[in-house]
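FYI, our numbering numbers position 435 of the sequence shown as 441, with every residue one higher than the one before it.
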Amino acid sequence: MSADLMSPTNESSDTPRKPIKSTAVVKLSTSEIPNNFEVLQLNTDLNEPPSNWLSTKATNGSSFGFTNASGFNSFRIANMFPDCVGEVDVVSDSENIKKLLKIPYSKGAVSMIVHRVENTLLIDEFDIHKHLMRTAESEWSWLRKFFVEHVMNNLSSKGFHQKDFSIGFSRDALQERKLVSKFLYHSLSETNSPSNAEGCKATKENVEQDAASMYWSSLPEPQLELPDNSVGHEFARNVVWTFEDIQMLLGTDMPIFGGDTHPCISLRLRDMKKPINVLTGIDYWLDNLMCNVPEVVMCCHLDGLVQKYELIKTEDLPHLSGSKFSPKLIHDVAQNILSFLKSNATKAGHTYWLFKGKNEDVVKLYDLSSLCESDTESGDGNPFTVPVAMLLYNVARKMKKQNSKQHGGIRVLLEHCISLLDREKYPKIVTSAHYMLSDLYVPAETNPSDPAFPEEEPEDPETLDGRDENPEQGQEVEEDTNGNVEVGSLCWSNSCTKVQKKTQPPPLSGSISERCQNSLKHIAEGLYCLRQLDTRQIQKEEEEPRMAHPFTAIPMPFASLTSMAVSPTKTEEPKIDSANHWKAQLLTLLYEKALLVAAVLTQHSLATEQYGTALRQVQVLLTLNLGLQKLSKLLGVKHGKEEDKEATKSFLLGQAGDACCMIVQNWSKIDQFKADIATKDDFIEPILKQLQLDVGPYDDDTVPVDLDLPNVKDVLKSSIECYKQALNSKPAPDQFSSLCRRLGNAYNELGVVYMTQANTLVTGAGEKDRNEFNALVKKSLRELELGIAAFEKGGDRNNLALLLLNAGRLMRLCSFVMSPVCRTPMQGQERNYYLKALNYYQKASCVLEKRCEENEQIWDSVNWQLSTTLYNMAVILQDYPDGNKNQQEVEKEVVEHLHKALASCDLSTPGRQLPMYQIRAASLHHKLASLYHKSLRNFVGDDQKRKWQHQLCRNHYEKAADMYKSLEGISEFLRVQLERVAFAEFSAESMCSTS
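Below, the structure written as structure tokens:
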């Protein structure tokens, strides 16, 4: 830079000043920063256009021309960076912010449109002349009527003219802008390379592409719709500007230059004939702050001829002679305007108009949405409704995609989006919003068996305010939302309500059933919207006349005579346009979500013992599952793997079997279960009807259950059939053994029911009762044997032993029935049933192998039943010996059974069974002693064997006596003692006779 032309201004002061806290973070830039700067020679004529004038290539993509970023740019910026919405205080064009902050210094008119999305204000310039005075009478009629009747008449009385509403540039202003544009192009260095601009543009495109790839492919991106249909303006850069405690997302076009000694500067052109006024100084200062530019270079000219340059630091701009202003006052204005807007613009989705007339001292805020709603005569609605709704959807979609934990905030955004949009005009967006709401209540990753819904992520308490001071987003405010503030009060510190940092929407809460019901409600609404889309497309096709295309033959129906044979009628399936990938994907997503929600409800019903409801919900699940599979084929959309579909069906049938089993176990509530089954679900019925419309008629995949629930046996049979079909439907590997165990349990329950019925017939003496008993025993044994096979297949040793135990009990029941009324020796069927019972008990004992913590009760039951059966059989054989056997054979068989019974008594394990085992063991020792005693009296044979039996008799008497004594069984103890005395006398007599 030339030293003689470039010099610091002498306006700067060395006195210490309190700096304003200001930082700017560039979110996106379309141009190289900075452009290379070249100092112009003295007397360079700026009126002459340079050779590179208006060339974007020379400016690396920037525009130094006459582009004006008018229109509703806040929507464009917010949609580019939806993650910033809700986090920053304001989204706007930097020019709008400068105009607001200059209100105390300017007498000009201000007209801004304000919207609130969460805690962010969207501010756009509103050209009254363009939108209300130059448009057709039918457009904006409701606002034009209000403006003329209330605003225009009031301003006209104060000397305000219609031309004052125009925000266009005067001829002098346009000439000045033209001169500035030429100056900026003159100042570009010839070494400015366009390659970096291309690289920067490519970077932007890549960023957008990467961001787009993050979105769900199934959910449509919102279309940017603006009230004025203006062409999108691309700012040179978008920045997040932090001004003290206020954050703003801004679009700015200020050119930034740099050189070797001054790497980052802004260029300004100053007419030496005119002093710098306050408004210009504020403009320069704010522009530099918003872009983090530390210095401004002013080029002074006379009639377009360059005279000199002045270098001014950004912090010195407020203190230039003739244009002094207070930075603190500017911040106070910003804080007060923000507080005023946030305190009054509180209704989500509403459009507010911030207006100040020329030379007026009051800034007013009007709620245009309420005004539009109250004017029922005009046919046009609020043109801002759709853009706001699209932005709400975009922000919610971004938050959902990033797995934000602020579910309450996402819900509020989506609900307001749906309330603002006409679902018949925007079915795609409304349907997608409903799907996201359903996914909020029941997320896709929810495990139906354990529906643990994610908790809200609490925000920093320091950033939250009391809800009493600032109403929640979306709540209606009872007081009038129109407000006004005097311009003078904007300059006072904290003159308006303190800026509210953030408010947190109510969290997403509710019980499992409430969340599921809300999810189903939104699924049904989404399906209805898609159906409306189809209906409108059909109507449109019917209204359009079918035109013949040139050079295209018109097909005529033709069939040969030989093909006129009667063929069976085929039902044609409805053809759904699978080319519409978005609709096909979202339709599948909605039904998949319905399937998941119904599964969660089913598991919840099982967990809360609502088994009738669970059975009805399983029926719904099977219908949805089958319909979804058919829909996927019609649409050509992949819906899971084939094995997964079979596994799902298997799982659902297993759930139906579980519900039936639990109904049987709670049979006392059967009336309630029947009532629950008959109850229609108002939330799921619309979805099932819509499914029928989407896929056409198909055979329901119903559960094999008689929903009338006639009796216990039929319900158990239904349960068994459910489990059998589940096993035949190729269950998941981790479900196979579980299904086998549940099937075995159902067989056991049914077998026990038959056994119980047979037991009630034991006292019957008629032939009819005996035949019925035999039929019930046969049925019971068949079910128990099938259950045993199921548990063997499932590898469940404990339950296998339990069913063997029940089969043994059944055989004992049969042996009891076969026993004669007047006791005789054990023969025929009675003996066979005893042996079968022993066989089942021994198998159960072998299956368990040993007693452990997992099978304590079953092990004890098996051993006890085995011991009891052996004991009873031994007693009968001893008391009523078989006449076809000699004494020794009878005694041998009895002793063998008694010893086995004794071995089955567990006398070493403490517990509640121990006293019973001790009594049984004492009795067995007594029986054995008595048996040997009797045998000795009649014994004839080898003395050695006699001595051995004598010793055995003595030992068993001693053990029986000791056990009865320890158990305090007095009568039994005395009986044993008397027998011991008799045995001693017999022994003495035997010794004497031997001598």
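Note that CB positions come from ideal geometry on N, CA and C, so glycine has one too.
Three-state secondary structure (DSSP) of residue i
| i | result |
| --- | --- |
| R243 | strand |
| R274 | strand |
| H325 | helix |
| E755 | helix |
| E93 | coil |
| Q343 | The question names Gln, but residue 343 is Ile in the sequence shown. Helix, per DSSP. |
| Q924 | helix |
| D523 | Sequence inspection shows Gln at residue 523; the Asp mentioned does not correspond to that position. If DSSP states are grouped into helix, strand and coil, Q523 belongs with the helices. |
| I26 | coil |
| N490 | strand |
| K411 | coil |
| T50 | coil |
| L106 | helix |
| H268 | coil |
| F945 | coil |
Span of the alpha helix (DSSP H) around residue i
| i | result |
| --- | --- |
| C666 | 648-671 |
| N79 | 79-86 |
| Y963 | 949-972 |
| Q696 | 691-701 |
| W588 | 587-613 |
| C820 | 803-824 |
| V299 | Neither: V299 is in no alpha helix (DSSP H) and is coded neither H nor E. |
| W359 | Where W359 is concerned, there is no enclosing alpha helix (DSSP H), although the beta strand (DSSP E) it sits in stretches over 357-362. |
| I882 | 862-885 |
| L317 | From DSSP, L317 is part of no alpha helix (DSSP H) but of the beta strand (DSSP E) over 311-319. |
Within 8 Å, strictly: CB atoms of residue i and residue j
| i | j | result |
| --- | --- | --- |
| E907 | A935 | Position check: residue 907 holds Ala in this sequence, whereas Glu was assumed. Against a cut-off of 8 Å, the Cβ pair of A935 and A907 comes out as no contact. |
| G633 | L697 | yes |
| E531 | H413 | no |
| L52 | V312 | yes |
| V711 | L621 | yes |
| L872 | R803 | no |
| I271 | C297 | no |
| E131 | S117 | yes |
| K736 | E649 | yes |
| N79 | D99 | yes |
Nearest-angstrom Cα separation, counted from residue j out to residue i
| i | j | result |
| --- | --- | --- |
| L377 | L255 | 29 Å |
| K933 | C667 | 45 Å |
| M220 | K407 | Low local confidence applies: a pLDDT of 34 at M220 is under 50, so the model's placement there is unreliable, with the coordinate-based value given in what follows. Approximately 7 Å, taken between the alpha carbons. |
| D259 | E240 | 9 Å |
| I252 | R82 | 21 Å |
| N294 | L446 | 43 Å |
| F564 | L694 | Unreliable positioning characterises F564 in this predicted model, as indicated by a pLDDT of 39, which lies under 50. The coordinate reading is nonetheless provided below. Cα-Cα distance, rounded: 40 Å. |
| A994 | C911 | 34 Å |
| L767 | S825 | 15 Å |
| L180 | L190 | 15 Å |
| G660 | L607 | 15 Å |
| V448 | S525 | 6 Å |
| L326 | P512 | 50 Å |
| E836 | N805 | 27 Å |
| F689 | R521 | 12 Å |
| E985 | A928 | 14 Å |
Residues near residue i by beta carbon distance below 6 Å, same chain, minus five either side
| i | result |
| --- | --- |
| Y938 | Q955, L958, C959 |
| A395 | C423, L426, L427 |
| A880 | V900, H903, L904 |
| S996 | none |
| A988 | none |
| L323 | G287, Y290, W291 |
| E421 | none |
| R952 | F945 |
Close-in-space but distant-in-sequence residues of the same chain around residue i (CB under 8 Å, 5 per side omitted)
| i | result |
| --- | --- |
| V368 | K362, N490, V491, E492, V493 |
Own chain residues within Cβ distance below 7 Å of residue i, not counting five before or after
| i | result |
| --- | --- |
| S1023 | Outside the shown range of the chain (7 to 1001) lies residue 1023, about which nothing can therefore be said. |
| V982 | H932, Y963, A966, A967, Y970 |
Start and end residues, beta strand (DSSP E) containing residue i
| i | result |
| --- | --- |
| I282 | That residue, I282, is in no beta strand (DSSP E); it is neither H nor E in DSSP. |
| E131 | 126-131 |
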